[in-house]
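Participant:
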Ligand code: 4AD
Ligand code: MG
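Residue numbers (this note's numbering): 4 to 438.
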């Protein structure tokens with residue numbers, strides 16, 4: 004029996020007869036030779052099929068094969084310096100599994116298509132080289148993320164997706180019917196449960212899908228995104244900043260180390276990523292506002308950055324920025340106010356350079372029970388919903404903190420994409436629930 008291999012394994016089978024199952028990416032014809040380019044998800048390989056080496060009807064079938072038809076080619080792998088993959092196959096046999104109809108051809112051709120056309124065909128678009136590169140970088144980022152926390156004493160403790168109440172504010176929650184008329188909400192962040200887990204385990208992280216019913220149609224917003232959230236007992240704002248910085252450096256380093264080929268496909272300027280080293284730029288919110296005003300923004304102290312503001316800030320530096328001490332009034336109820344300046348909170352955002360902006364948000368949490376209760380009341384939150392959360396401050400409260408990083412924003416930055424829509428296989432956005 005002929006050994007079945009993938010295109011990525013070709014090097015190990017030079018000179019041997021093997022079979023490779025895949026899809027037809029493209030086909031060139033030149034008289035008595037056809038050059039099918041096969042793709043199999045692991046790579047692309049040009050095959051060389053000569054009329055004399057194949058039964059007549061198989062050669063004819065191959066010659067008229069259509070894009071994305073599924074087939075199994077059998078032949079001998081040969082080193083070929085001119086081929087992109089470094090190898091070619093001399094075809095001896097071909098088995099066509101399905102020929103894509105000529106009347107209804109594969110809709111995505113090498114010509115340029117509009118984004119909406121491609122997004123409507125996302126289930127097919129994923130077969131393209133550029134999408135492969137992005138999804139593989141995403142995979143590496145996720146793997147590096149897990150490795151970073153696993154290797155640094157964090158325990159993975161995942162948090163629920165159905166939740167009974169809000170975490171980051173009620174206006175952006177997706178509501179669903181639970182049982183017996185009880186409402187449940189899709190989680191916006193695992194943080195509150197993470198805090199319970201941190202008091203149980205010390206250092207924890209959760210990593211899962213999160214949901215925001217934000218009616219934002221920007222290049223940075225999805226309604227469903229994946230977030231990794233570390234949380235540490237016995238940690239203050241400075242600890243949170245240190246871990247966030249080290250983590251980002253580690254993730255970028257891993258992608259540079261393992262995914263050079265993919266970054267090349269994406270035409271990413273990797274010299275920009277090489278600059279992602281410590282120390283990151285450190286700036287207070289107050290200084291950031293001054294900086295923005297000097298650069299023409301009309302932001303006033305007290306309001307949140309607009310996306311444009313983050314672009315202005317991050318284009319000035321070639322490293323990520325840690326911006327801290329935002330106005331307490333615009334931050335979540337759980338943020339620890341600065342003891343010396345309670346109008347600002349001990350929160351931090353990490354902004355990615357080159358105009359990308361916020362990829363991480365986090366900070367130190369209130370650990371004092373009275374202060375926490377007061378803040379819950381000031382924010383008009385239903386106290387009974389937070390009874391368990393307040394318990395964490397009654398039974399051995401300690402300073403603690405953590406952060407959340409949205410994977411898609413990180414992927415967009417590292418891949419150099421202009422929009423988050425390509426960073427996940429099936430993006431969910433304000434006007435996009437299909438396919
Ligand atoms: O800044 P955010 O809202 O922070 C929190 O949710 C905290 N509870 C996290 C924590 O401290 N454990 O969100 C964190 C990150 C953002 O920096 C961004 O990367 C990502 O989540 N994010 C989004 N990504 C894509 N689409 C959206 N709509 C996003 N909203 C937030
Ligand atoms: Mg934020």
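In this text, a Cβ means the ideal position worked out from N, Cα and C, and glycines have one as well.
Since this is a predicted model, take the numbers as computed values, not measurements.
Comparing the CB of residue 352 with every heavy atom of the ligand MG, is any distance shorter than 7 Å?
Facilitator: Mapped onto the chain shown, residue 352 falls at position 349. At least one heavy atom of the ligand MG is nearer than 7 Å to the Cβ of residue 352, so yes.
Participant: For the ligand 4AD, is there any heavy atom lying closer than 7 Å to the beta carbon of residue 339?
Facilitator: Against the chain shown, residue 339 aligns to sequence position 336. Flag unset: Cβ of residue 339 not near the ligand 4AD.
Participant: Tell me, please, which residues DSSP counts as bridged to residue 53.
Facilitator: By one-based count along the chain shown, residue 53 stands at place 50. For residue 53, which the question treats as bridged, DSSP gives the partners 36.
Participant: When we look at the beta-carbon of residue 412 and count the other beta-carbons within 10 Å, is it buried (16 or more) or exposed?
Facilitator: Taking the chain shown and counting its residues from 1, the one referred to as residue 412 is at position 409. Buried, by the Cβ-count rule.
Participant: Measuring from the CB of residue 361, is there a heavy atom of the ligand 4AD at a distance below 7 Å?
Facilitator: Counting from 1 along the chain shown, the entry for residue 361 is found at position 358. It does: the Cβ of residue 361 is within 7 Å (strictly closer) of some heavy atom of the ligand 4AD.
Participant: Identify the residues that DSSP records as bridge partners of residue 418: which are they?
Facilitator: By 1-based counting over the chain shown, the position of residue 418 is 415. Looking at the DSSP assignment, residue 418 forms no beta bridge with any residue, so it has no partner.
Participant: Taking all protein chains shown into account, do 16 or more other C-beta atoms lie within 10 angstroms of the C-beta of residue 388, making it buried, or fewer, making it exposed?
Facilitator: Translated into the one-based positions of the chain shown, residue 388 becomes position 385. Result: exposed.
Participant: Less than 8 Å between the C-beta atoms of residue 403 and residue 238, yes or no?
Facilitator: Translated into positions along the chain shown, residue 403 becomes position 400. Translated into positions along the chain shown, residue 238 becomes position 235. Taking 8 Å as the Cβ cut-off, residue 403 and residue 238 qualify as a contacting pair.
Participant: Quick check on the burial criterion: 16 or more other C-beta atoms within 10 angstroms. Buried or exposed for residue 298?
Facilitator: For the purposes of this step, residue 298 is taken as residue 295 along the chain shown, with counting starting at 1. By the neighbour-count rule (16 or more Cβ atoms within 10 Å), residue 298 is not buried but exposed.
Participant: By the 10 Å Cβ neighbour count, where 16 or more other Cβ atoms means buried, how is residue 394 classified, buried or exposed?
Facilitator: Here residue 394 refers to the residue found at position 391 when the chain shown is read from its first residue. Exposed, by the Cβ-count rule.
Participant: Which first and last residues belong to the alpha helix (DSSP H) in which residue 439 is found?
Facilitator: It is not possible to answer for residue 439, since the shown part of the chain is limited to 4 through 438.
Participant: With distances taken from CA atoms, which of 121, 424, 11 and 9 is nearest residue 221?
Facilitator: Here residue 221 is taken as the residue at index 218 of the chain shown, counted from 1. Out of 121, 424, 11 and 9, 424 has the C-alpha closest to the C-alpha of residue 221.
Participant: Return the chain-ordered ranges of every alpha helix (DSSP H) run that is complete within the stretch 112-143 and spans a minimum of 4 residues.
Facilitator: As far as the stretch 112-143 is concerned, its whole alpha helix (DSSP H) runs of at least 4 residues are 118-123 and 125-128.
Participant: Would you identify the three-state DSSP class for residue 289, choosing helix, strand or coil?
Facilitator: As a position in the chain shown, residue 289 is number 286, starting the count at 1. Residue state, collapsed to three classes: helix.
Participant: Could you give the DSSP three-state label for residue 225: helix, strand or coil?
Facilitator: Translated into positions along the chain shown, residue 225 becomes position 222. Correct three-state label for residue 225: coil.
Participant: Taking a contact to mean a Cβ-Cβ separation below 8 Å, would you say residue 336 touches residue 379 in this structure?
Facilitator: As a first step, residue 336 must be located in the chain shown, where it is residue number 333. As a first step, residue 379 must be located in the chain shown, where it is residue number 376. Yes, these two residues count as a Cβ contact at 8 Å.
Participant: From this set, 45, 29 and 136, which residue's C-alpha is nearest residue 38's C-alpha?
Facilitator: By 1-based counting over the chain shown, the position of residue 38 is 35. Cα-wise, what sits closest to residue 38 is 29.
Participant: When DSSP builds the beta bridges, which residues end up paired with residue 427?
Facilitator: Taking the chain shown and counting its residues from 1, the one referred to as residue 427 is at position 424. Paired residues: none, contrary to the question.
Participant: Could you tell me which residues DSSP pairs with residue 82 in its beta bridges?
Facilitator: Position 79 of the chain shown, counting from 1, holds the residue named residue 82. Answer is 90.
Participant: State yes or no: is the C-beta of residue 365 nearer than 7 Å to some heavy atom of the ligand 4AD?
Facilitator: One-based indexing of the chain shown puts residue 365 at position 362. The answer is yes for residue 365.
Participant: Kindly identify the DSSP beta-bridge partner or partners of residue 101.
Facilitator: Looking up residue 101 in the chain shown gives position 98. Answer is 73, bridged to residue 101.
Participant: Identify which residue in 343, 133 and 110 has its Cα closest to the Cα of residue 124.
Facilitator: If you number the chain shown from 1, residue 124 lands on position 121. Nearest C-alpha to residue 124: 110.
Participant: Would the C-beta of residue 192 count as close to the ligand 4AD, meaning under 7 Å from any of its heavy atoms?
Facilitator: Counting from 1 along the chain shown, the entry for residue 192 is found at position 189. Yes - the ligand 4AD has a heavy atom lying nearer than 7 Å to the Cβ of residue 192.
Participant: Can you tell me the Cα-Cα spacing of residue 372 and residue 119, whole angstroms?
Facilitator: The sequence position of residue 372 within the chain shown is 369, counting from 1. The sequence position of residue 119 within the chain shown is 116, counting from 1. Near 50 Å, if we compare the C-alpha coordinates of residue 119 and residue 372.
Participant: Under the criterion of a Cβ to heavy atom distance below 7 Å, does residue 228 qualify as lining the ligand 4AD?
Facilitator: Position 225 of the chain shown, counted from the start, is the residue given in the question as residue 228. At least one heavy atom of the ligand 4AD is nearer than 7 Å to the Cβ of residue 228, so yes.
Participant: Going by DSSP, name the residue or residues bridged to residue 403.
Facilitator: Looking up residue 403 in the chain shown gives position 400. Residue 403 is bridged to 236.
Participant: How many Å lie between residue 150 and residue 195 at the Cα?
Facilitator: If you number the chain shown from 1, residue 150 lands on position 147. If you number the chain shown from 1, residue 195 lands on position 192. Their backbone Cα atoms lie some 23 Å apart in a straight line.
Participant: Taking the continuous alpha helix (DSSP H) assigned at residue 328, which residues delimit it?
Facilitator: Numbered from its first residue, the chain shown carries residue 328 at position 325. Where residue 328 is concerned, there is no enclosing alpha helix (DSSP H), although the beta strand (DSSP E) it sits in stretches over 324-330.
Participant: For the pair the stretch 284-295 and the stretch 177-186, tell me if three or more CB-CB distances fall below 8 Å.
Facilitator: No contact exists between the stretch 284-295 and the stretch 177-186.
Participant: Could you say if the stretch 231-251 and the stretch 360-368 meet the contact criterion of at least three C-beta pairs nearer than 8 Å?
Facilitator: Because the criterion of three Cβ pairs below 8 Å is met, the stretch 231-251 and the stretch 360-368 touch.
Participant: Looking at residue 74: is its Cβ nearer than 8 Å to the Cβ of residue 25?
Facilitator: Counting from one through the chain shown, the residue named residue 74 turns up at place 71. Counting from one through the chain shown, the residue named residue 25 turns up at place 22. Yes.
Participant: What residues are listed by DSSP as bridge partners for residue 212?
Facilitator: Position 209 of the chain shown holds residue 212. Answer is 229, bridged to residue 212.
Participant: Can you have a look at residue 405 and say buried or exposed, based on whether 16 or more other CB atoms are within 10 angstroms of its CB?
Facilitator: Working through the chain shown from its first residue, we reach residue 405 at position 402. The residue in question, residue 405, is buried, as its Cβ has 16 or more Cβ neighbours within 10 Å.
Participant: Ignore the nearest five residues each way along the sequence and tell me which others in residue 334's own chain have a CB closer than 7 Å to its CB.
Facilitator: Start at 1 with the first residue of the chain shown, and residue 334 comes out as number 331. Once the five neighbours on either side are set aside, the close Cβ partners of residue 334 are 348 and 350.
Participant: Counting Cβ pairs closer than 8 Å, one from the stretch 51-66 and one from the stretch 6-16, do we hit at least three?
Facilitator: At 8 Å Cβ cutoff, the stretches do not touch.
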